[in-house]
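Notes follow once the structure below has been shown.
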């Protein structure tokens, strides 16, 4: 795989369509405040001619203690990114290139994609835990809750006594607001919200540094959603882990995320601090996404949404993947692929956007220039 | 034999005697009581076919776990071979086995349940003889039935392996063996259990061909003889035993299912 990765990288750097990369390449060592650095991660589903490129060289950094929101329409590759970065991608998904650097709390660095299976197992859950989409199916139906929490602890903390493990499990249940005696329950005896909280409790069992949450609230009603989201923020403040929060619900992200990355057709097209991205979207797609739900306060605005439907990954448009749906598409957008970079027209620290409109201030429509 | 009482009274009396375990006298083995004939034959059948069925289930399910867990590995190659043996008519498989391993290469006996010289009882000589005589019929039973277990378990493993809780188990960093056995196979085996219970029920009734081909002194062989001799008391008793066996097996399956699947419990 490494040789393939190198080849890919060589091809990528020699590609003529990307002449003016203004992004400073990330340093070989992780910056001190980063816990996770995903570099140029590519994933395809299937092999040979039928292969579908689900992720195209996605780079993403996660700071210590940060909540990073990852948003986009269904099928844009947000879950694939989470699965690929943790090497949980189910077949026929294949990682075709890239690196995922992880820095443990003791300063040790691991490249997750090149770890051996045993090394990877050691990192999983104790450093990097995941809460999956399906709260309903994430628990083994034939084991009690306690057993499923305890087996994770036992594998990673073999020196703990049985009493210590039990106490930890009880503590975790209280942490997420479920009475400790529910540890004896089987999954089918709990409600959906409780199951999702159990999953969160389980994910926090070993005090991981990174918590990846893949649409953790999608299957729940809004009241439950709010409770869980608030709980996550509280726990983060208390325990200081970093979160990658994946959802298609941008309104939810604006509330909890520190930083948001927007994905479209397997690429990140815009990222920046949550508040700024919400107030002043720079990419036409982000703007469309934000316009797809009503603000609760302030004057009435018309919901415009985004015309068209998400692109078929097997048959992507040329140039900018968004151009067929973009109200501002130009000739260049059809032929040349834009690069994720700090906007030349509106440079702001910490914000990047992949859109040709930002090449020149004169091209930039007023809506995207605020 | 000639009873002057009306038929329904005779029938009533028969039912009453059955409850006391008295099935009358066998015609074929006259004047041995039917219950004695059955009591002699039943252990042979349950011993041979019961153990063979259990082994077949265990082997088939284990191979199915591995085949479903690592799809596309060499283990998948076992499947066509096993399916071939289950597609072959069983009597023919038995005859070929006898021809090869008892006639051409005489390493196993061709028929019977134990050696002529052995004295029935709990002595090593007799037990060893029973084991030796049982190998060939048991192997043919396993060969002809193992494919079903492999196929069923493999397919369930494939289905369960894509469940979220298996991915979660991987993400938890559990050992691959733990995930395979405790999370995937533990759930995939549940439908197998119902199949196994049904198979258990047919142990007593479904061994006719095996026992005829191998002249094995079990219940199937006795039934065959009873049918030939129009031995009604014996036939009726055997049918009753078969029915009870199926019912008991089903009850056992229900109990086992409750133990294995907490969702079927009521508390």
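Chains as they are written, first to last, in the numbering used here: chain A, 1 to 370; chain B, 1 to 267.
Every residue, glycine too, gets a C-beta built ideally from N, C-alpha and C.
Owing to the predicted nature of the structure, the values given are computational and were not obtained by experimental measurement.
- Within the region 141-157 of chain A, contact with chain B at the beta-carbon level (separation under 7 Å) is assigned to 141, 142, 151, 152, 155 and 156.
- In the DSSP assignment, residue 264 (chain A) forms a beta bridge with A:267.
- The beta carbon of residue 171 (chain B) falls within 9 Å of a beta carbon belonging to chain A, placing the residue at that interface.
- Closer than 9 Å to the CB of residue 183 (chain B) there is at least one CB belonging to chain A.
- Residue 226 (chain A) and residue 194 (chain A) have their C-alpha atoms spaced approximately 14 Å apart.
- Contact note: residue 162 (chain B) reaches chain A through 90, using a C-beta cutoff of 7 Å and chain order.
- Counting the other Cβ atoms within 10 Å of the Cβ of residue 287 (chain A) gives 16 or more, which makes it buried.
- Within the same chain, 197 and 201 come within 7 Å of residue 250 (chain B) by CB-CB distance, once the 5 residues on both sides are set aside.
- Annotation: residue 38 (chain B) to residue 30 (chain B) spans about 14 Å, alpha carbon to alpha carbon.
- With a threshold of 16 other beta carbon atoms within 10 Å, residue 217 (chain A) meets it and is buried.
- Below 8 Å, enough C-beta pairs join the region 208-215 of chain B and the region 132-147 of chain B to call them touching: three or more.
- A distance below 9 Å separates the beta carbons of residue 81 (chain A) and residue 60 (chain A).
- In this structure the region 200-207 of chain A touches the region 146-155 of chain A; the number of beta carbon pairs closer than 8 Å is three or more.
- Against chain B, the beta carbon of residue 125 (chain A) has neighbours under 9 Å at 171, 172, 173 and 174, listed in chain order.
- The region 57-74 of chain B and the region 140-155 of chain B touch, with three or more beta-carbon pairs separated by less than 8 Å.
- Chain A has no Cβ within less than 9 Å of the Cβ of residue 70 (chain B).
- Cβ-Cβ separation between residue 101 (chain B) and residue 93 (chain B): approximately 12 Å, too far for a contact (criterion under 8 Å).
- Runs of the alpha helix (DSSP H) lying entirely within the region 85-143 of chain B, each at least 4 residues long, are 90-98 in chain order.
- Put simply, the CB of residue 132 (chain A) is near chain B, with a gap under 9 Å to one of its CB atoms.
- Runs of the alpha helix (DSSP H) spanning 4 or more residues and lying entirely within the region 160-208 of chain B occur at 164-171 and 186-205, in chain order.
- Sequence-distant Cβ neighbours of residue 136 (chain A) in its own chain, meaning closer than 8 Å and more than five residues away, are 192, 195 and 219.
- When 8 Å is used as the limit between beta carbons, residue 122 (chain A) is near these residues of chain B: 173, in chain order.
- For residue 137 (chain A), the chain B residues whose C-beta falls within less than 8 Å of its own C-beta are 163, 164 and 165, listed in chain order.
- Beta-bridge pairing by DSSP links residue 361 (chain A) to no other residue.
- Within chain B, no C-beta atom comes less than 7 Å from the C-beta of residue 80 (chain A); the nearest is roughly 13 Å away.
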